[in-house]
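Just so you know, the numbering used here puts 134 at position 103 of the sequence shown, and the rest follows in order with no gaps.
We treat Cβ as the ideally placed atom computed from N, Cα and C, and that holds for glycine.
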Amino acid sequence: HGLQQVLFNGPPGDWDHGERGMACLPGRDDEFKRGIEQALTYAAALRCPRVHVMAGLAPAGSEREALRATYVANLAWAAAQAAPHGVDVLIEPINTRDIPGFFLNRQDQAHEIVAEVGAPNLKVQMDLYHCQIVEGDLAKKLERYLPAGSVGHLQIAGVPERHEPDLGEVNYRYLFDLIDRVGFGGWIGCEYRPRLTAPGGTSAGLGWFQPYRTKKP
């Protein structure tokens with residue numbers, strides 16, 4: 032079928048009990064490291080070059096600086112472990128409407144952390160759905176961050192309902208042209224919920240993609 036696994040999430044902790052990552056949580060370092068080791072084993076088996084590491088939820092009453100210090104230390108360790116395998120570690124700012132309390136929310140926060148860690152294989156997973164909800168100004172952010180080489184993966188969805196990208200407040204046709212002009216050569220993931228929930232809804236919803244099936248010269 033010619034498909035390639037280009038990205039998956041590392042272990043997020045106890046998802047069923049509401050956890051959304053462990054990277055920023057003090058006292059969970061050993062569990063975090065075991066999860067990264069497991070993820071790298073899977074990445075090698077799948078020949079997958081990227082692992083997304085979720086930051087986690089900020090515990091009530093916690094000091095943000097302590098969480099940030101833990102986050103930076105864990106990401107530095109994860110990037111060092113992933114580098115010999117040729118794997119990029121990705122971090123993703125996520126809006127707090129979908130995941131209340133999530134530690135990492137803004138693009139500038141993510142890029143500051145990437146710069147502080149200084150590992151060439153630590154990059155930002157830039158989800159334009161989350162970015163639009165939190166801060167907007169998508170075109171200028173793409174122009175700023177894509178040429179810097181610190182974005183390792185893009186994701187899209189319609190805003191506000193997270194359906195196909197042809198529905199909602201974001202002009203993706205304009206943004207796709209901008210991404211081409213900037214010269215981003217990475218993958219763009221379609222992380223949305225099909226608006227049609229009946230059988231066949233996913234395929235029926237792919238009509239938006241037809242103009243992009245022919246690769247530009």
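**Prompt:** Got a sec? Which residues, its chain only, sit under 6 Å from Leu56 by beta carbon, not counting five neighbours each side?
**Reply:** Gly87
**Request:** Run through the stretch 108-166 for me and flag every whole alpha helix (DSSP H) of 4 or more residues, listed as ranges in chain order.
**Result:** List check, alpha helix (DSSP H) in window: 138-148 and 159-165.
**Asked** Expressed to the nearest angstrom, what Euclidean distance is found between the alpha-carbon atoms of Asp197 and Gln35?
**Response** 25 Å
**Item:** CB contact flag (Val155, Val182, <7 Å)
**Value:** yes
**Prompt:** How do the stretch 42-57 and the stretch 77-96 stand: do at least 3 beta-carbon pairs fall below 8 Å, yes or no?
**Reply:** yes
**Identity of the residue in Glu195, Gly217 and Arg212 nearest Ser234 by Cα** = Closest by C-alpha distance to Ser234, out of Glu195, Gly217 and Arg212, is Glu195.
**Prompt:** What's the gap between the Cα of Asp129 and the Cα of Tyr160?
**Reply:** Asp129 and Tyr160: Cα-Cα distance of roughly 11 Å.
**Request:** Whole angstroms is fine: what's the gap from Ala74's alpha carbon to Arg137's?
**Result:** 27 Å
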